[in-house]
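Structure, as structure tokens:
Residue numbers (the working numbering), protein chains in the order written: chain A, 610 to 954; chain B, 134 to 419.
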């Protein structure tokens, strides 16, 4: 059922990733452009990890990642403004609010036995409601023009260490990524992971051996949505601007889905690898003058090709190649597994 | 004070919008009912049709010629999509096929958007100059009346096709029982192609009737798709009658909400209606 490497191997990999990201800005130190690109990359990876928990592990296709992230950002910023307190204080409540939205959706969906199509349509509709509210509730959100915003003051740290605020923010999101990845590892290597696998494999069978399907799906929904809301706040902080346009379906969900599938559903490092590849392509396309106007088209084509031919993801393919060449021992729990034939459904 | 004649005018415009919604909903319903593929690119098909028609009109042709050329073009495009993308999707079964359908058509939408925006950067309307019609003191939009007429004729023809012809009956067989259909010699794949092409044409027509009243941009495509989804949710994703009823009903609701409380709230009402229906009776569409 599970083909994942042992906890120890995965934890080591995460630390390796942490080290790589910690060193990444050094060659480009001082270039705020590259620091932005790197931070953007990490944030996209984070969103993909969150979606991996709900979609990858419990088959709940949330198509309102952008909406939830936006809700997290708007709620954090607006309540901080209204109450006149630091956004650090409103961040968690805002994320919990997002988590509760995810929890409600998952609970209803699990209770009523929604198929994956129903969940995707439901969440897509919610996404559009969110976007509509962000744009339409002009008095509160300042409509489609958004507003510049730099909540989370990082000045203190920045001046103490003597580096730019952008760099501090970057290391902050890297820290968030490492913590999230460890949370993810803890989750899938615990009884939750086992339950998730069982539910995905056969929901009725899982139910019959005493797994509370509704409970596990709801928990996954809460964790996923909570993380998305939290990341959303940092997303807006990174661009220093809250704009409804940056939280739409086409701006967020499509990218995050591509990232997750390219990297590999249900893998720990898939979201990170996927984000690296996708952001690299993004940067290449926007730097090449003659390709810029074709960016969207290329992404669309990429989405089609990936889903038709490449649902297994880079991480899984790479791991198998390495094992085939004897460059990596399998390191699997109980030597179980065998090739995953289901790819990523 | 709102007069009865004003309300009548709103109702007629609402019906016209309803026809547009019904056509999109029918487009989605046909394909999902038959092949379990949720065509998220349906809005892009509608927009594509409008754009082709615009090009033909700008080349100096009449509106009818433009509409015909555009519908032929979108039908041909539908055929290409069916032969390529959908053939790959139909290789898998069950839930996997559904997911694959969602993602490939989503990719197609993004691809089409990305390509079209390069050639059609602004907003386009089709010139249907029929002025207004006075009816017992009420001033009705001529184009709305034309749209309603077209809608009734086309949807009527569609029903006649499904109920009356052999091909239509074969289609309904596949709707109900794919294996049974196979046993009596109906090739489900061929029927699926036919229906997909038909749904592309129907959606294309939807785009055309929308464009005689309002401007269409490339970005409208995704919005159209969500409208289509809402209609199919409210009407039941496998029921044509449901799709048409839901389309007309929500068209009216939207237009009246638009008139009384403004477009932003109207859109939210539309989405909320879909969510509520989804929560109240999901069995209708699964």
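Ideal Cβ positions, reconstructed from N, Cα and C, are used throughout, including at glycine.
Inset, instruction - Verify the CB distance criterion: does residue 661 of chain A have a CB-CB separation below 8 Å to chain B? - result: no
Inset, instruction - Check the Cβ of residue 729 of chain A against every Cβ in chain B and list those closer than 7 Å, keeping chain order. - result: 235
Legend entry - Reduced DSSP category for residue 298 of chain B - H, G, I as helix; E, B as strand; rest coil: coil
Inset, instruction - Taking C-beta pairs closer than 7 Å, name the residues in chain B that residue 906 of chain A reaches, listed in chain order. - result: 244, 247, 248
Legend entry - Those residues which DSSP pairs with residue 756 of chain A across a bridge: A:851
Legend entry - Beta-carbon proximity check, residue 179 of chain B vs residue 340 of chain B, cutoff 8 Å: yes
Inset, instruction - May I ask you to report which of helix, strand or coil DSSP gives residue 242 of chain B? - result: helix
Legend entry - C-beta neighbour in chain A for residue 231 of chain B, strict 8 Å: yes
Inset, instruction - Let me know the secondary structure DSSP gives residue 861 of chain A once reduced to three states. - result: helix
Inset, instruction - Verify the CB distance criterion: does residue 228 of chain B have a CB-CB separation below 8 Å to chain A? - result: yes
Legend entry - Reference residue 408 of chain B; option with closest CA among B:356, B:158, B:367: B:367
Legend entry - Rounded distance between the beta-carbons of residue 651 of chain A and residue 786 of chain A, thought under 8 Å: 5 Å
Inset, instruction - Give me the Cα-Cα distance between residue 904 of chain A and residue 892 of chain A, rounded to the nearest whole angstrom. - result: 10 Å
Legend entry - Through-space distance from residue 822 of chain A to residue 667 of chain A, alpha-carbon basis: 10 Å
Legend entry - Beta-carbon gap between residue 684 of chain A and residue 835 of chain A smaller than 8 Å: no
Legend entry - 4 or more residues per run - each alpha helix (DSSP H) lying fully within the region 186-244 of chain B: 196-214
Inset, instruction - Would you kindly report the start and end of the unbroken alpha helix (DSSP H) that includes residue 338 of chain B? - result: 321-344
Legend entry - Buried or exposed (CB count within 10 angstroms, at least 16 for buried), residue 944 of chain A: Unreliable placement is indicated for residue 944 of chain A, whose pLDDT of 36 sits below 50; the coordinate value is still reported in the next sentence. With fewer than 16 Cβ atoms within 10 Å of its Cβ, residue 944 of chain A is classed as exposed.
Legend entry - For residue 880 of chain A, three-class secondary structure by DSSP: helix
Inset, instruction - Give the DSSP-derived three-state secondary structure of residue 636 of chain A in the structure shown. - result: helix
Inset, instruction - Leaving out five residues on either side along the sequence, give the residues of the same chain with a beta carbon under 6 Å from the beta carbon of residue 826 of chain A. - result: 667, 715, 719
Inset, instruction - Measure the C-alpha to C-alpha separation of residue 209 of chain B and residue 328 of chain B and round it to an integer number of angstroms. - result: 13 Å
Inset, instruction - Using a Cβ-Cβ cut-off of less than 9 Å, list which residues of the region 901-932 of chain A approach chain B; keep chain order. - result: 902, 903, 904, 905, 906, 907, 908, 909, 910, 911, 912, 913, 914, 915, 916, 917, 918, 920
Legend entry - Residues from the region 390-412 of chain B in contact with chain A, defined by Cβ distance under 8 Å: 397, 398, 400, 401, 404, 405, 407, 408, 411, 412
Inset, instruction - Figure out for me which residue from B:138, B:319, B:394, B:351 has the closest Cα to the Cα of residue 253 of chain B. - result: B:351
Inset, instruction - Decide yes or no for the touch test of the region 380-389 of chain B against the region 141-158 of chain B: beta carbon pairs closer than 8 Å, at least 3 of them. - result: yes
Inset, instruction - Would you list, in sequence order, the uninterrupted alpha helix (DSSP H) runs of no fewer than 4 residues that lie entirely inside the region 759-846 of chain A? - result: 764-770, 774-797, 800-810, 812-817
Inset, instruction - State yes or no: is the C-beta of residue 913 of chain A within less than 8 Å of the C-beta of residue 237 of chain B? - result: yes
Legend entry - Nearest-angstrom Cα separation, counted from residue 745 of chain A out to residue 397 of chain B: 6 Å
Legend entry - DSSP state of residue 359 of chain B mapped onto helix, strand, coil: helix
Legend entry - Residues of its chain near residue 644 of chain A, where Cβ-Cβ distance is below 7 Å and the 5 sequence neighbours each way are ignored: 634, 775, 776, 779
Inset, instruction - Tell me, please, whether the CB atom of residue 725 of chain A is closer than 8 Å to any CB atom in chain B? - result: yes
Legend entry - Nearest candidate by alpha-carbon position, reference residue 357 of chain B, set B:296, B:321, B:331, B:182: B:182
Inset, instruction - Determine the direct distance from the alpha carbon of residue 878 of chain A to that of residue 921 of chain A, and round the result to whole angstroms. - result: 13 Å
Inset, instruction - Sort B:378, B:393, B:370 by Cα distance to residue 172 of chain B and report the nearest one. - result: B:370
Inset, instruction - Quick one: list the residues of chain B neighbouring residue 734 of chain A, beta-carbon separation under 9 Å, in chain order. - result: 359, 362, 363, 366, 404, 405, 407, 408, 411
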